[in-house]
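S.K.: Submitted below is the structure of interest, expressed as structure tokens.
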Amino acid sequence: MKPSTQSRKKLEVIWSKGVKAVDPRDLVAHFVQSDASFQSVLSEAASILVVGGGKATAAMALGLEQEIKPFLSKTVGILNVPEANYPKLEKIKLNLARPAGMNQPTAKAVEGSKSMIQLAQEAKEGDLLLALISGGGSALMPLPCSGVSLEDKQKVTSLLSGTSASINELNCVRKHLSQIKGGRLAQAFLEATQGKGKIVTLILSDVIEDKLDVIGSGPTVNDPTTFKDAFSILEKHLLLDKTPASILQHLQSGIAGKISDTPKDLPPSIRNKVLGNNALALDAAANQARQLGYQVINLGSCMEGDTAGLASIHASIARSILKYDQPCQAPVCILSGGETTVNLGQNPGKGGRNQEMALAFLCALKDH
């Protein structure tokens, strides 16, 4: 059954409505305009130090600068972002840290992360550390720990990404190989200000259930995971023999207590605020679909697991609707969000998990 041109146009309208609901610039602008507590923090800060990274943080920074114009004279910052044509910002430097189609840490991203840590380490009492974090922040904010090269970190990231490892597992390993992730950015700032600075992190979440320690690997969040957890993840996915020796040695030193673990007791005064997430986008898309006359099956924002398996579940629902009008009659809009995993073969093709899921869904419906 081929969709009509009209159906395609409606689908694009529904999708666009969901995307618009999580527009980074709008979300940050609305937060700054409406949050009186944050406005007071901005006003009282001696200096505003903006740091962070992610695929949406350039737009977040644009919304921020537009709304804090009275405070720009005391603002400085750097963000690691993918290469693209961005509008010029007045005070916040955009470090083009990697090509847009790549999701691996790069040397240029490391340099940007070093600048962020330096800003935190040189902070003074009364300063505000304002972090902007979005999806892609983990890969865009690399700062390998002493003794681990960027190449070794790239290798272990690729190994985990090619297995069924979840984002929680991948970021657990990342945090324990980093000088900035897992609360270490906040730790550096608090040590520099002797606990007399403030930290606010504005977050656009791409993580199931909005787990703060996982989004962008939580640079300003207490980390509940340990070196042992990171080692066990590599063991679970049968990667110990493939993992660079420097990484195994670092994790084992951490397990032995020779290296301090990620922070577990950062002060509760740190404010980590999620401005937008998958659930918000789904709600907006669902409302638009209803307005266009569709019944909506919203499977929620917590879908996870094997890409092909989840595609099969979605296809089963579609077949049931087409054949038996169950659980409801067409026209129906099926919505879902989350994060799937793949197991790459010896010769992986092009494309990502969403593309694989779409193709697997279509293959399952080829006779319909």
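The opening position of the sequence shown corresponds to residue 1 in this note's numbering, with each subsequent residue numbered one higher. C-beta atoms are modelled at their ideal positions from N, C-alpha and C, and glycine is treated no differently. A quick note: this is a predicted structure, and the numbers were derived from the prediction, not measured.
Hey, quick one: how far does the alpha helix (DSSP H) through Glu65 stretch, first residue to last?
M.R.: First-last of the alpha helix (DSSP H) with Glu65: 57-67.
S.K.: I need the straight-line Cα distance from Arg184 to Pro105, nearest angstrom please.
M.R.: Cα to Cα, Arg184 sits roughly 18 Å from Pro105.
S.K.: What number of angstroms, rounded off, separates the C-alpha of Ser115 from the C-alpha of Leu322?
M.R.: Rounded to the nearest angstrom, the two C-alpha atoms are 56 Å apart.
S.K.: Might you give, ordered along the chain, the residues of its own chain that have their beta carbon closer than 7 Å to the beta carbon of Gln66, omitting 5 neighbours on each side?
M.R.: Counting only Cβ-Cβ distances below 7 Å, and skipping sequence neighbours, we find Ala29.
S.K.: Beta-carbon within less than 7 Å of Ala369's beta-carbon, same chain only, minus the 5 sequence neighbours each way: which residues are those?
M.R.: An answer regarding residue 369 cannot be provided, because it is not within the stretch 1 to 368 covered by the chain.
S.K.: Considering only DSSP beta bridges, list what Met102 is partnered with.
M.R.: Met102 is not bridged to any residue.
S.K.: Sort Pro24, Ser312, Val296 by Cα distance to Pro331 and report the nearest one.
M.R.: Nearest option by C-alpha distance: Val296.
S.K.: For Ala36, I'd like the list of residues in its chain whose CB is within less than 7 Å of its CB, leaving aside the five on either flank, ordered along the chain.
M.R.: Excluding residues within five positions, none has a Cβ falling inside 7 Å.
S.K.: What's the call for Tyr294, buried or exposed, on a 16-neighbour Cβ count within 10 Å?
M.R.: Label assigned to Tyr294: buried.
S.K.: Please report whether the beta-carbon of Arg290 lies at a distance below 7 Å from any beta-carbon of chain C.
M.R.: Going by chain labels, chain C is absent from the structure shown, which holds only one protein chain.
S.K.: I'd like to check one pair, Cys172 with Asp229: are the Cβ atoms closer than 7 Å?
M.R.: Closer than 7 Å, so yes.
S.K.: What does DSSP give as the partner residues of Ile48 in its beta bridges?
M.R.: Looking at the DSSP assignment, Ile48 forms a beta bridge with Thr75, Leu128.
S.K.: Below 8 Å, can you find three or more Cβ-Cβ pairs linking the stretch 244-252 to the stretch 263-279?
M.R.: At 8 Å Cβ cutoff, the stretches do not touch.
S.K.: On the DSSP letters alone, give me the boundaries of the beta strand (DSSP E) that Asn298 sits inside.
M.R.: Segment 295-298, the beta strand (DSSP E) holding Asn298.
S.K.: Which partner residues does Val332 have in the DSSP bridge list?
M.R.: In DSSP, Val332 forms a bridge with Gln295.
S.K.: Using three-state DSSP, classify Asn95 as helix, strand or coil.
M.R.: Strand at Asn95.
S.K.: Going by DSSP, which residues form a beta bridge with Asn80?
M.R.: In DSSP, Asn80 forms a bridge with Gly53, Asn95.
S.K.: Specify whether the stretch 177-196 and the stretch 330-350 touch according to this definition: at least 3 beta carbon pairs, one from each stretch, less than 8 Å apart.
M.R.: Touching, no.
S.K.: Report the option in Thr163, Gln121, Lys181 whose CA atom is closest to the CA atom of Ile133.
M.R.: Nearest C-alpha to Ile133: Lys181.
S.K.: Go ahead and pull the three-state DSSP assignment for Asp306.
M.R.: Asp306: strand per DSSP, three-state reduction.
S.K.: Within the same chain, show all residues whose beta-carbon is closer than 7 Å to that of Arg290, passing over the 5 residues directly before and after it, in chain order.
M.R.: Excluding positions up to five away in sequence, the list reads Val296.
S.K.: Measure from the alpha carbon of Lys264 to the alpha carbon of each residue in Gln187, Leu143, Gly162, Lys155, then state which is nearest.
M.R.: Of the candidates Gln187, Leu143, Gly162, Lys155, the one whose C-alpha sits nearest the C-alpha of Lys264 is Gln187.
S.K.: Rounded to a whole number of angstroms, what is the C-alpha to C-alpha distance between Glu83 and Gly136?
M.R.: For Glu83 and Gly136, the distance between alpha carbons rounds to 13 Å.
S.K.: In the DSSP assignment, find the unbroken beta strand (DSSP E) run with Met341 in it and report its ends.
M.R.: It is worth fixing the name first, because residue 341 is Thr in this sequence and not Met. Unbroken beta strand (DSSP E) run through Thr341: 338-341.
S.K.: Using DSSP with H/G/I as helix, E/B as strand and the rest coil, what is Pro87?
M.R.: Of the three classes helix, strand and coil, the one that applies to Pro87 here is coil, per DSSP.
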